[in-house]
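One structure is given below, encoded as structure tokens.
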Amino acid sequence: MVQQAVIGIDIGTTSTKTVAFSTAGKVLFQQTVEYPTITTDSGLAEQDPELVFRAVLESLRVVLGQLHIGKFAVEGFSFSSAMHSLIAVDEAGNLLTNCIIWADTRSNSYVAELKDTEVGRDIYASTGTPLHPMSPLLKLCWMRDHLTDVFYKAAKFIGIKEYVWYMFFGEYVTDYSIASATGLFNIYTLQWHAPALEVADISAEKLPTPVPTTHTCRNLNPVFAAELGLAADVPFVVGASDGCLANLGTGAIRSGHTAVTIGTSGAIRVVSNKAATDPQGRIFSYILTPGHFVLGGAVNNGGVALRWFRDNFGETEMVEALKQQVNPYVLLCNEAATVPVGADGLIFLPYLLGERAPIWDANARGCFFGVHLNHKREHFIRALLEGVIFSVYSVGKALEETVGPVSVIYASGGFSRSEVWVQMLADIFNKKVLLAETPEGSAFGAAIMGMYALGIVKGLEEAEQMVHITRTFVPNEAVHQQYQKNFSIFEALYPKLKDSFSQISSLQAEE
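Just so you know, the numbering used here puts 388 at position 337 of the sequence shown, and the rest follows in order with no gaps.
This is how it looks when you write it as structure tokens:
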């Protein structure tokens, strides 16, 4: 009997992951293809859209080859994608810019101009997107004033998923989920928001057509159909954003069921049947479907902080990892586990890339606080891991104040491969943490959305039965109380250092 498969394609910040799932939710095959990010001290963070597109093709080619050998029947494809990207293209669809990703902070000055104005408050309340340099709205303002020729030559402003979709199908569409993370889309009317368009100095015609996350195409470009060995009428579902789909893919879709994803960056999210914004502007309100809103907050600095430590101070682990044929991150986390909870009073503010939620400050900088002569290298590793979770915890507190208490956490993303790091999450939140069979929640969420769009499942609520929980981490109340002492200091540090961060950021910009 031929087994059915649905393929989720997750276009992430550092790589594209293509994963084939059975219609019962089991992982069949997967492939990851990485690509670089171009960064500078000026705040630039860009990627080559062509490299990303080739990564999509390459990962698809490998997985389809594996399915062909196993004689599986591919029912369809569905996309997940990182949010907040911006690309300018001309009338012929040619690239005018690289893909400006969420981590780009060059539009920071525009945030200050807009944030506390009546227009700014209306944009946040109507679009659900906090005012921050991540927002394509602010990126457009920066492009208008700094890449003026490109800005006025552009026929369309799109994101990375929209670029891939255009290459496959020749149409400019954006799903409601990705659109709701642009700062340009009204999450109540499901239309581009006129006051935001006015701020960006563009018309709605310059943007893709908004479509539901179930939007499906069956006319794949014959060139790519032949390259991938697919029939041209195979269905592709546009899908949604990676954050929203991570909730779906981990089964966190009930009230109080919370998803925490930590990959390069990090996020904490809950699903609600209605949108909600925070008077202090700390959380986002994005769309999964018109009846499912995903509320939460994202932090800039997740696994990227540990990668920074590995690349700059982890030569020993890199060498040892090659000898043992293990991931160097495993060795780093194991070293952290040799240090007491709280890292003997060493605290890390993980703002290496500025920060989004809950402080929304691109000028924030990383900081080790409380360094003592007795602190060793492994203390810094543990403080780094704890600092990332403290940052997510601070967003979780804001989320609970807005939408109600968290009862259980579903974890996904690269960090979920580390027992040490996941146990920290359970202890700091003092909540039970569940791990699904696959850590790639966004890819699975994309596959579930594809199944829903294609009629394989009747409703998104069926996702909970398709998620296979393999591990439960139980919090330690005594350890939680120890963490609370460090967290109280962590929470007080940013307000005290905010002005100094702004000053040091200005100095760095002058260099």
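Where is the CB? At the ideal position from N, CA and C, for every residue including glycine. Quick caveat: nothing in here was measured; it's all calculated off a predicted structure.
- Linking residue 171 to residue 182 through their CA atoms gives a straight-line distance of about 8 Å.
- Within the stretch 166 to 203, the runs of alpha helix (DSSP H) that reach at least 4 residues and sit entirely inside it are, in chain order, 169 to 178, 187 to 197.
- The count of Cβ pairs closer than 8 Å, one atom from the stretch 508 to 523 and one from the stretch 361 to 369, stays below three, leaving the stretches out of contact.
- Across the structure, residue 72 and residue 540 are spaced so that their CA atoms are roughly 44 Å apart.
- Within a 10 Å sphere around the beta-carbon of residue 82 sit 16 or more other beta-carbons, which makes this residue buried.
- For residue 460, the closest of 391, 306, 194, 426 by C-alpha to C-alpha distance is 306.
- With contact defined as three or more Cβ pairs closer than 8 Å, the stretch 450 to 464 and the stretch 479 to 495 are in contact.
- Ranked by how close their Cα comes to the Cα of residue 57, the residues 130, 271, 108 have 130 in first place.
- With respect to the 8 Å criterion, residue 233 and residue 152 are not classified as neighbours on the basis of their beta carbons.
- Judged by DSSP in its simplified three-state form, residue 310 adopts strand.
- DSSP, read as helix, strand or coil, puts residue 491 in coil.
- Here the alpha carbon of residue 190 sits roughly 10 Å from the alpha carbon of residue 197.
- Around the beta carbon of residue 98, a 10 Å sphere encloses 16 or more other beta carbons of the protein chains shown; the residue is thus reported as buried.
- When C-alpha distances from residue 452 are compared across 531, 55, 409, the shortest belongs to 409.
- Rounded to the nearest whole angstrom, the C-alpha separation of residue 91 and residue 512 is 43 Å.
- Sorting 442, 454, 384, 414 by C-alpha distance to the C-alpha of residue 428 places 384 at the top.
- Contact between the stretch 530 to 548 and the stretch 317 to 337 is absent, with fewer than three C-beta pairs closer than 8 Å.
- In the three-state DSSP reduction, residue 213 falls in the helix class (H, G or I).
- Annotation for residue 293: no beta strand (DSSP E) segment contains it, though the alpha helix (DSSP H) segment containing it runs 293 to 301.
- Counting along the chain, residue 448 sits inside the alpha helix (DSSP H) bounded by residues 428 to 454.
- Here residue 558 is exposed, its C-beta having fewer than 16 other C-beta atoms within 10 Å.
- Within its own chain, the residues whose Cβ lies closer than 6 Å to the Cβ of residue 252, once the five positions on either side in sequence are excluded, are 195, listed in chain order.
- Scanning the stretch 466 to 513 from its first residue to its last, the whole alpha helix (DSSP H) runs of 4-plus residues come out as 470 to 480, 492 to 504.
- Here the C-alpha atom of residue 291 lies approximately 12 Å from the C-alpha atom of residue 344.
- Buried is the label assigned to residue 64, since at least 16 other Cβ atoms lie within 10 Å of its Cβ.
- Apart from the 5 residues on each side of it in sequence, residue 372 sits with its Cβ closer than 7 Å to the Cβ of 378, 379, 382 in its chain, given in chain order.
- Using a Cβ-Cβ distance cut-off of 8 Å, the stretch 128 to 143 and the stretch 156 to 170 are not in contact, since fewer than three pairs of beta carbons, one from each stretch, lie closer than that value.
- The stretch 434 to 445 and the stretch 291 to 305 do not touch, with fewer than three beta-carbon pairs separated by less than 8 Å.
- Pairing residue 414 with residue 556 gives a Cβ-Cβ distance under 8 Å.
- Rounded to the nearest angstrom, the Cβ distance from residue 62 to residue 212 is 6 Å, consistent with a contact under 8 Å.
- Between the stretch 225 to 240 and the stretch 251 to 270 there are three or more C-beta pairs closer than 8 Å, enough to call the two in contact.
- Contact check for residue 520 and residue 487: beta-carbon distance about 6 Å, within the 8 Å limit, so the pair qualifies.
- Beta-carbon to beta-carbon, residue 355 and residue 299 are separated by about 24 Å, too far to satisfy the 8 Å threshold.
- Take residue 325, set aside five residues on each side of it, and the residues of its chain with a beta-carbon closer than 7 Å to its own are 344, in chain order.
- For residue 412 against residue 405, the beta-carbon gap comes to about 6 Å, under 8 Å, which counts as contact.
- DSSP, reduced to helix, strand and coil, places residue 142 outside both helices and strands of the structure shown, so it counts as coil.
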